[in-house]
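Let me begin by presenting the structure, written as structure tokens, before commenting on it.
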Amino acid sequence: MQAPTIYRFFEDKDALLDAVAEHVFATYVSGKTLVEDSGDPVADLRAGWDTHIGFGLANAALFGLLTDPSRGVRSPAAAAGLEVLRARVHRVAAIGRLRVPEKRAVELIHAAGTGAVLTLLSTPPEHRDRDLADAMYEAVMRSILTDVPTLPADSTTAVAVAFRAVAPKLTMLTGAERALLSEWLDRTGDGPTTPGASAGPD
55 MQAPTIYRFF EDKDALLDAV AEHVFATYVS GKTLVEDSGD PVADLRAGWD THIGFGLANA
115 ALFGLLTDPS RGVRSPAAAA GLEVLRARVH RVAAIGRLRV PEKRAVELIH AAGTGAVLTL
175 LSTPPEHRDR DLADAMYEAV MRSILTDVPT LPADSTTAVA VAFRAVAPKL TMLTGAERAL
235 LSEWLDRTGD GPTTPGASAG PD
């Protein structure tokens, strides 16, 4: 197919590149959604991180295009990829392993993953330190995960985050009650309350 024919379908070269990038990334994301859960949400989160880093390093030009803020285009495939990450983080929250709200965890992992890939890509291949991505992952996990695989008795935030993850499934409550419960739990997960603060007048 010659250039004049191609440009009948695409406005210009940039539009063509966007379409190619979108197709490749959409194929990658659809493959991620087909991967079966291992039964260990934390291990699945790590596997997803490793896959993301590997994809970015193997597709440098594509990754740079999709993460370029100057494009001003929201990639549907990138949005779908974020949904995969949200689902994985949600499963971690449901077993009581998150010490921060799900939204914060997703944002931290996404920012760290993108930053790790771009940093490695900016370094000549022969000088890249792949341990950098591992160190970044471990640093993020230390900030968002509880230390033990079960709910600690003194971790009210972890309990609140875990309960928030299952609150929408409490069908014995009305929609309004579930919404109110979720609002309370969101408020609890946003941060510790002031020590000694009173819940109301004595």
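By the working numbering, the letter at position 113 of the sequence shown is numbered 167, and the numbering carries on one by one without gaps. We treat Cβ as the ideally placed atom computed from N, Cα and C, and that holds for glycine. Just so we're clear, the structure is a prediction, and the values are computed from it rather than from any experiment.
Check                                                                                     : Outcome
As assigned by DSSP and simplified to three states, the class of P206                     : Below a pLDDT of 50, predicted positions are generally treated as unreliable, and P206, at 48, falls in that range; no measurement from the model is reported.
Length of the line joining the Cα atoms of S185 and L227                                  : Looking at the sequence itself, residue 185 is Asp, so the reference to Ser does not match. Going from the Cα of D185 to the Cα of L227 covers about 47 Å.
C-alpha gap between Y191 and P95, whole angstroms                                         : 15 Å
Where the alpha helix (DSSP H) containing E161 begins and where it ends                   : E156 to L175
Inter-residue spacing [alpha-carbon to alpha-carbon] between H181 and W238                : 49 Å
Host alpha helix (DSSP H) of T105 (start-end)                                             : P95 to A112
Which residues DSSP lists as bridging L199, in chain order                                : L152
Cβ-based burial, R241 [other Cβ within 10 Å; buried from 16]                              : exposed
Cβ separation of L174 and G118, assumed to be a contact under 8 Å, to the nearest whole Å : Not really, about 12 Å apart at Cβ, beyond 8 Å.
Euclidean distance between Cα positions of S236 and G150                                  : 16 Å
Status (buried if at least 16 other CB within 10 Å, exposed otherwise) for R196           : exposed
G142 - DSSP class collapsed to helix/strand/coil                                          : Rather than Gly, the amino acid found at residue 142 in this sequence is Arg. R142 falls in the helix class under three-state DSSP.
CB contact flag (A97, H144, <8 Å)                                                         : no
Backbone CA spacing between P130 and A233 [nearest angstrom]                              : 28 Å
As assigned by DSSP and simplified to three states, the class of R232                     : helix
Proximity below 8 Å, CB of L99 to CB of V146                                              : yes
Candidates E156, T121, A148 and L120: closest to A137 by CA position                      : Note on identity: in this sequence residue 137 is Glu, with Ala being the wrong assignment. Comparing Cα positions, the closest option is E156.
Distance cut-off 7 Å: S84 Cβ against heavy atoms of the ligand NAD                        : The model depicted lacks the ligand NAD and carries no ligand whatsoever.
Nearest-angstrom Cα separation, counted from T225 out to L162                             : 31 Å
Assigned secondary structure, P249 (DSSP; H/G/I helix, E/B strand, else coil)             : For P249, the predicted model reports a pLDDT of 40, less than 50, meaning its position is unreliable and no value from the coordinates is stated.
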